[in-house]
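Trainee:
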Ligand code: PPE
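Residue numbers (our numbering): 9 to 310.
Written out as structure tokens, the structure is:
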């Protein structure tokens, strides 16, 4: 990864190479963390963070589920994020706020380990490869499913959830493709290892609903809003696996992935095997906003 200069840790800016935690920190042993991934875009008007408040709200929600009390307000976190970007003199970057249990006691009980906060920023290019946004990616349906309801809460963006994501991602790579599409334990489509999933059939846009073991993505929400405002019908519902094989278009959404078309699923072409027209239209509208046309008030200027 490309280093930046400073990482904010519990109130102080620490030089990148010194930003360390103790090996006996609770998080290292038990995955005790919640985090966010946010993009800051450079455009003609300056540098703009995409949907900062929504990300901070989700960070606090994730922390609440895991009973981690953050000793800063949302407003303070938002301000520190802006300050961290400025301090690193970055314009376009990826932002990673992390809340975790640090060094205190070991043993599963987390309550005796302090809740710590860090904010890092760095340059991050296209998540699924440099050509993915135009050409799309090849995928497989993963043999690994997303976590069952009432096991790991999917709505919390918790570090430990990403062990499941890693199984999905490793399998995809070993099967020679970019990303895996995971089903939920009932066999319905859920999401990618680090992205939400959408597909389009006969002009209708489908995406798995809340409860399908998905992270409630902020890009997902943005795309649903953009699509409905363009006049498309968007259905949040159970998606049977076979829709993957007969849909006209499909794409992933995420802060890192933005809107990435899917051109192949299980060696079958999605539509013509290239980015579809509605996907392209949604990308155009999305990137207009990140380029500074802030019609929904989604940008925070650095
Ligand atoms: N599902 C999962 C499992 C997920 O990790 C992400 C984001 C999304 C959906 C989309 O959510 P949103 O970013 O709010 O639209 N994944 C983050 C981390 C990726 C990583 O490799 O790290 C991200 O995109 O920042």
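Glycine included, every Cβ here is placed at the ideal spot set by N, Cα and C.
Do you know offhand how far residue 189's Cα is from residue 200's?
Mentor: For this step, residue 189 is matched to residue 181 along the chain shown. For this step, residue 200 is matched to residue 192 along the chain shown. Approximately 5 Å, taken between the alpha carbons.
Trainee: Quick check on the DSSP output: what are the complete alpha helix (DSSP H) runs of length 4 or more inside the segment 164 to 252, in order along the chain?
Mentor: 169 to 182, 226 to 237
Trainee: Examine the ligand MN and report whether any of its heavy atoms sits within less than 7 Å of the Cβ of residue 307.
Mentor: No copy of the ligand MN occurs in the structure displayed; its ligands are the ligand PPE alone.
Trainee: Would you check if the segment 172 to 187 and the segment 141 to 159 touch, i.e. whether three or more CB-CB distances between them fall below 8 Å?
Mentor: yes
Trainee: Less than 8 Å between the CB atoms is what I'm expecting for residue 114 and residue 37, so what's the real figure, rounded?
Mentor: Mapped onto the chain shown, residue 114 falls at position 106. Mapped onto the chain shown, residue 37 falls at position 29. Confirmed, Cβ separation roughly 6 Å.
Trainee: Can you name, in chain order, every residue of its own chain whose Cβ lies under 6 Å from the Cβ of residue 252, other than the five neighbours on each side?
Mentor: To locate residue 252, count along the chain shown from 1; it is residue 244. Here residue 252 has 273 as same chain residues with Cβ atoms under 6 Å from its own Cβ, once five neighbours each way along the sequence are excluded.
Trainee: Considering only DSSP beta bridges, list what residue 51 is partnered with.
Mentor: Residue 51 sits at position 43 when you count from the first residue of the chain shown. Partner(s): 54.
Trainee: Would you say residue 263 and residue 227 are within 8 Å of each other, going by their C-beta atoms?
Mentor: Translated into the one-based positions of the chain shown, residue 263 becomes position 255. Translated into the one-based positions of the chain shown, residue 227 becomes position 219. It is a contact, given that the beta carbons lie within the stated cut-off.
Trainee: Note down, one range per segment and in chain order, each alpha helix (DSSP H) of at least 4 residues found wholly within the segment 16 to 92.
Mentor: 34 to 38, 60 to 73
Trainee: Any idea what DSSP makes of residue 160, helix, strand or coil?
Mentor: As a first step, residue 160 must be located in the chain shown, where it is residue number 152. Looking at residue 160 - three-state DSSP - the assignment turns out to be coil, as it is neither helix nor strand.
Trainee: Just checking residue 156 against the ligand PPE - is the residue's beta carbon closer than 7 Å to any of the ligand's heavy atoms?
Mentor: For the purposes of this step, residue 156 is identified with residue 148 of the chain shown, where counting begins at 1. Answer for residue 156: no, Cβ out of range of the ligand PPE.
Trainee: Measuring only from the beta carbon, is residue 222 closer than 7 Å to any heavy atom that is part of the ligand PPE?
Mentor: On the chain shown, residue 222 is found 214 positions in, with the first residue counted as 1. It does: the Cβ of residue 222 is within 7 Å (strictly closer) of some heavy atom of the ligand PPE.
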